[in-house]
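FYI, the numbering used here numbers position 125 of the sequence shown as 191, with every residue one higher than the one before it. Yeah, the Cβ is synthetic: ideal placement off N, Cα and C, and Gly gets one too. None of these values were measured; they are calculated from a predicted model.
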Amino acid sequence: MSFEAIPNLLADMLQEQKNTTEAITKLMETLAGLRTKFDGAAKAAKTVIATAAAPTADVPAATTLPIEAPAAAPAAAQASTAQLDYKADIAPTFAKLLSAKGAPAVVAVLSTFGVKKGIELAPAQLPAALASALAALDA
Numbered sequence: 067m068s069f070e071a072i073p074n075l076l077a078d079m080l081q082e083q084k085n086t087t088e089a090i091t092k093l094m095e096t097l098a099g100l101r102t103k104f105d106g107a108a109k110a111a112k113t114v115i116a117t118a119a120a121p122t123a124d125v126p127a128a129t130t131l132p133i134e135a136p137a138a139a140p141a142a143a144q145a146s147t148a149q150l151d152y153k154a155d156i157a158p159t160f161a162k163l164l165s166a167k168g169a170p171a172v173v174a175v176l177s178t179f180g181v182k183k184g185i186e187l188a189p190a191q192l193p194a195a196l197a198s199a200l201a202a203l204d205a
């Protein structure tokens with residue numbers, strides 16, 4: 067290798083460093099956007115939980131079902147179903163639950179819905195599944 071090639075090598079290294087910095091910046095922006103989207107989904111899930119937990123005049127408080135039961139808030143669940151996407155809204159919460167509490171916690175939540183994989187959840191189950199996963203994270 068001759069000394070004439072050194073400026074070219076340095077220029078290549080600087081360009082690679084610039085490309086890497088740009089890629090990291092784009093990744094950070096994407097992650098920040100996902101965090102914002104996750105926060106929005108978490109707020110929606112808490113709204114569903116609050117709506118489902120509030121006793122109504124027709125149903126005594128003692129007979130109110132917990133949010134984990136798929137029939138707890140059918141109207142609220144159906145209304146929220148159109149807004150939730152498994153991969154975008156639910157999967158990140160299950161991943162967080164997996165890293166925080168381990169696989170048994172994820173299996174326990176999924177088994178309440180009769181599935182072995184989160185992707186097998188029916189669209190109508192997504193709001194309740196998100197609420198259950200968030201509750202398991204808080205437990």
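Between which residues of its own chain and Leu203 is the CB-CB distance below 8 Å, once the five residues before and five after are set aside?
Thr159, Lys162, Leu163, Ala166 and Lys167
Quick one, are the C-beta atoms of Ala111 and Pro189 less than 8 Å apart?
no
Whole-angstrom distance between Lys153 and Gly106, CA atom to CA atom:
15 Å
For Gln144, name the three-state secondary structure that DSSP assigns.
Caution applies to Gln144, whose pLDDT of 46 falls short of 50 and renders its modelled position unreliable; the model cannot decide the point.
Mind reading off the beta-carbon distance from Ala199 to Leu187? Whole number of angstroms is fine, and I expect it under 8 Å.
So it is not a contact: roughly 11 Å between Cβ atoms.
What first and last residue would you give for the alpha helix (DSSP H) that runs through Asp204?
Leu192 to Asp204
Going by other Cβ atoms of all chains shown within 10 Å of its Cβ, with 16 needed for buried, is Gly99 buried or exposed?
exposed
Any idea what DSSP makes of Ser165, helix, strand or coil?
helix
Rounded to the nearest angstrom, how far is the Cβ of Ile156 from that of Gly184, given a contact under 8 Å?
6 Å
Among Glu82, Pro73, Ala108 and Glu95, which has the Cα closest to the Cα of Ala201?
Ala108
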